[in-house]
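Okay, so the sequence shown: first residue is 364 according to our numbering, each after it adds one. To keep things clear, I will list the structure first and then write my remarks on it.
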Amino acid sequence: MNAPISTVREGDVLVVTSNNPPVNALGAAVRQGLDAALTEAAGDDGIKAVVIICEGQTFFAGADITEFGKPFVEPSLPVLVDRIEASEKPVIAAVHGTALGGGCEVALACHYRMAVPSAKFGLPEVKLGLLPGAGGTQRLPRVAGVEVALEMATKGDPIPAAKAKDVGLVDRLASEGALRDEAIAYAREVAGARPLPRTSTRDVTVDSATFDTFRKANAKRFRGMDAPAEIIDVIEATAGKPYTEGVQRERMSFMKLMMGAQSAALRHIFFAERKAAKIDGVPDGTEARAIKKVGVIGAGTMGGGISMNFLSAGIPVTIVEMQQDALDRGTGVMRKNYEATAAKGRMTAEQVEKAMGLLNPSLSMDDLADCDLIIEAVYENMDVKKEIFGKLDRIAKPGAILASNTSYLNIDEIAASTGRPQDVLGLHFFSPANVMKLLEVVRGAKTAPDVLVTAMTVAKKIRKVAVVAGVCHGFIGNRMLMPRQVEATNLLLEGATPEQIDRVHVGFGMPMGPFQMADLAGVDIGWHRDPTRIENIRDALAAEERWGQKKGAGFYDYDDKRQPSNSPRVAAIIEDFRQKTGTPQHDVTDEEIVERTLYTMVNEGAKILEEGMAQRASDIDVVWVYGYGWPPYRGGPMFWADGEGLKKIVAGLEKHGFEVSALLREKAEKGEKFN
Ligand code: T1G
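Here's what the structure looks like:
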């Protein structure tokens, strides 16, 4: 591979260019090239200033994550950034794309920073369970202040160039498309300026109360995570201290996090998310179909949420309902959702109008005739879906992709109600569809390869994380949810309480437990709606209209602010069922709850793999992290099981009499892992 770093003399300015696709990661060859360029600049009196710029998609997007855990290659990034800053000639960072992590730290070590308006700066190391390990915790507080540094480093979200300029991270904005020329001109302008503005020599002013205030304000968000807490500690401990002392503390904390389980889990998820986009058995070079216009059938919660994903991505949507009032209600909810986002400052009013302007409400399916992708999001009933797909077969243009948003139903059966099963697949969005990142792409037996490739391409465009699932009841996520819910209910009958089971799950890191989730989603979801037919605890609650938060009562009682409290009525219902079923009672331990609700999920995941319903174990991890809030710092159920030890999982399942998946047993016996 040719050297990623090249240098060229533009008069008295040395332009150092990195060409290391896809994201100019700061791998060993890049670091060595930059180091050599600094030596070249230092050794040539004709050079008065240096510009560092990148070709391709972006300025350096960080250290090369694929190098982590491999033997070290000099120069390290911390050494390199200090060499940049120590240069006797000014070094100007010319930034486009996303200067992230080590890329942002390289820019911080430069004496001047220029960026095009579309550029972004970020320290996303925290999303990998790490912290900025090349001086970022020391230089950013000195350049932009402690508050900005805390915000950027603990949350990992990038800021746009204009804000970066406001906070002092960027000195000069360049015109789009003229970055190289304008950076060279800027270099000439500052070539003689002395003293060189070395970030590490600047002071940090801070009010010591800042840190605890920040910790308290973000306690819920950072719950259970090591990296954000460590970052706050490092910035607090080193603010006001000399740079050389501060970077030592930074280095120590970086290595501690790097060796920790949470970073391994988060790096696993980082790569798993990208691996999920790759589809086994699809010929390389399979072209995606063009999706210029989308149709959505059903303007309910799901249809509206699904439509918003495309509208926000600038793709026109024709949304079809049967009745005008349902159509008006649905489009009204979409506008309300957008306006709520705008009220939070995450969208402008113009963007709301632009998105809504791409929406074409209709009462006739005939208006879907020119759509390239049509997504059905109606009532979960196979007959209804078959009828709709039969109609679509007559209406949709040749080559249109026909998708169902079904959560459970058989895609092959739906496809068979058309004459074009090769164009049919499942696109299972998760509620709220305009928020949840996960998209299960359900591959029918006859789904054509280019239809799958199109689905993955569209998913990326609408900023979803897509995972291919096979046709089985519940696909991947909901199929694993079932044993968890069944066991959680069984545990109630045997002596556990809803609050105990939910506490164990929340303590594990889930956003909520099974019963809190039921109350949020609706206890009546999937209920047969016959209040006289009471066959289980859920029926009993539903019969009393304890349908969850929306009714002020479900497995918990809720006050008018939807604050939950344990419900004596629910305890009585559970007790009643314990009596009626004669279930033997025992003291349920937290460990038993984990074994019976989480180990059973892993067991189901292993069966899903055995049956080929998921392409790889890491896909299952992606489903649960992005679809159900499994704590990313635990890496997903299959990664977590690897960490627990598959032998321990098998023993736990056998202890409670579960039938252990053959694949799980085989891997446990061989001492293998899922990932
Ligand atoms: N290292 C190695 N490979 C990377 C990479 C990285 N930093 N970033 C992306 N890739 C690969 C990715 O796996 C994929 O590979 C391809 O590039 C395209 O990525 C010392 C220690 C930059 C916003 O965390 O956020 O610096 O699947 O699909 O959607 O303090 O990539 O094609 O084989 O995501 O256009 C900090 C992580 C590192 C940035 C581009 N930096 N990357 O998004 O493309 S730690 C990050 C991203 C660090 C220092 C510390 C995104 C992107 P493949 P993609 P994209």
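For every residue, glycine included, the Cβ atom is placed at its ideal position computed from N, Cα and C. Quick caveat, the model's predicted, so the values are computed rather than measured.
Beta carbon proximity, I971 to chain C, threshold 7 Å: Among the chains of the structure shown, chain C does not appear; only one protein chain is present.
Supposed close pair A640, M819 - CB separation, criterion 8 Å: Sure, about 5 Å apart at Cβ, within 8 Å.
Residue range of the unbroken alpha helix (DSSP H) whose run includes C467: 465-472 is the extent of the alpha helix (DSSP H) around C467.
K924 - containing beta strand (DSSP E), residue span: Per DSSP, K924 lies in no beta strand (DSSP E) segment and is marked neither H nor E.
Inter-residue spacing [alpha-carbon to alpha-carbon] between A916 and E862: Rounded to the nearest angstrom, the gap between the Cα atoms of A916 and E862 is 14 Å.
heavy atom of the ligand T1G below 6 Å from R637 C-beta: Inclusion of R637 in the 6 Å shell around the ligand T1G follows from its C-beta lying nearer than that to a non-hydrogen atom of the ligand.
Whole-Å CB distance - A550 paired with I455, under 8 Å assumed: With 8 Å as the limit, A550 and I455 qualify as a contact, their Cβ atoms being about 5 Å apart.
Cβ contact check for the stretch 866-884 and the stretch 904-913: 3 or more pairs under 8 Å: Between the stretch 866-884 and the stretch 904-913 there are three or more C-beta pairs closer than 8 Å, enough to call the two in contact.
Which listed residue (V830, I415, K717, K655) has its alpha carbon closest to that of V1039: A query on residue 1039 cannot be resolved here, the shown segment of the chain reaching from 364 to 1038 and no further.
Any non-hydrogen atom of the ligand T1G closer than 6 Å to T601 Cβ: Using a cutoff of 6 Å, the CB of T601 does not count as near the ligand T1G, since none of the ligand's heavy atoms is closer than that.
Contact test: L463 Cβ vs the ligand T1G heavy atom, cutoff 6 Å: Shortest gap from the CB of L463 to any heavy atom of the ligand T1G: under 6 Å.
Through-space distance from A1014 to D1005, alpha-carbon basis: In a straight line, the C-alpha of D1005 is about 14 Å away from that of A1014.
Touching by the beta-carbon criterion (3+ pairs, under 8 Å), the stretch 494-501 and the stretch 542-561: Proximity of the stretch 494-501 to the stretch 542-561 falls short of the contact definition, fewer than three beta-carbon pairs being nearer than 8 Å.
Beta-carbon proximity check, L731 vs I738, cutoff 7 Å: Result no, Cβ atoms of L731 and I738 do not sit closer than 7 Å.
Terminal residues of the beta strand (DSSP E) in which P846 lies: Per DSSP, P846 belongs to no beta strand (DSSP E); it is in the alpha helix (DSSP H), 840-857.
Check: P1062 C-beta below 6 Å from any heavy atom of the ligand T1G: Only positions 364 to 1038 of the chain appear in the structure, and residue 1062 is not among them; the question remains open.
Straight-line gap, R783 to S670 (C-alpha atoms, nearest Å): Their backbone Cα atoms lie some 24 Å apart in a straight line.
Burial state of V659, where buried means 16 or more other Cβ atoms lie within 10 Å: Label assigned to V659: buried.
Closest Cα partner of T960 within the set F1021, S981, I971: Of F1021, S981, I971, the residue nearest in Cα terms is F1021.
Contact check, P441 vs L559, beta carbons under 7 Å: No Cβ-Cβ contact shorter than 7 Å links P441 with L559.
Minimum C-alpha distance to L690 - residue among F617, P874, P947, V741: Nearest of F617, P874, P947, V741 to L690, Cα basis: V741.
Proximity winner among F918, I594, V506, Y701, relative to K528 (alpha-carbon distances): Comparing Cα positions, the closest option is V506.
Closer than 6 Å: T500 CB and nearest the ligand T1G heavy atom: Answer for T500: no, Cβ out of range of the ligand T1G.
Proximity of V469 and V444 at Cβ, strictly below 7 Å: It is a contact, given that the beta carbons lie within the stated cut-off.
For V805, the three-state DSSP class (helix, strand or coil): Shown here, V805 sits in a strand according to DSSP, grouped into three states.
I428 beta carbon near the ligand T1G (any heavy atom closer than 6 Å): For the ligand T1G, a non-hydrogen atom lies closer than 6 Å to the CB of I428.
Boundaries (first-last residue) of the beta strand (DSSP E) holding N723: Element bounds for N723: 722-725.
Residues near N723 in its chain [Cβ-Cβ closer than 6 Å; skip 5 each side]: Closer than 6 Å at Cβ, skipping near neighbours: T681.
Chain-order list of residues whose beta-carbon lies under 6 Å from that of H474 (same chain, five-residue window excluded): So the qualifying residues of the chain are P453, V454, L559, P560.
Residue burial classification, M622 (beta-carbon count within 10 angstroms, cutoff 16): M622 comes out exposed.
Distance between I410 and A763 (C-alpha atoms, nearest Å): Cα to Cα, A763 sits roughly 59 Å from I410.
With 16 other Cβ atoms within 10 Å as the buried cut-off, status of R901: Burial check for R901: the Cβ neighbour count within 10 Å reaches 16 or more, so the residue is buried.
Limits of the beta strand (DSSP E) - the one that F792 falls within: That run of the beta strand (DSSP E) goes 787-792.
V747 burial status per 10 Å Cβ neighbour count (16 or more: buried): With fewer than 16 other Cβ atoms from the protein chains shown falling within 10 Å of its own Cβ, V747 counts as exposed.
beta-carbon V386 near the ligand T1G non-hydrogen atom, thresh 6 Å: Yes, Cβ of V386 sits closer than 6 Å to a heavy atom of the ligand T1G.
Close beta carbons around V567, own chain, < 7 Å, minus the five adjacent residues each side: Excluding residues within five positions, the ones whose Cβ falls inside 7 Å are P504, R505, V509, A602, G603.
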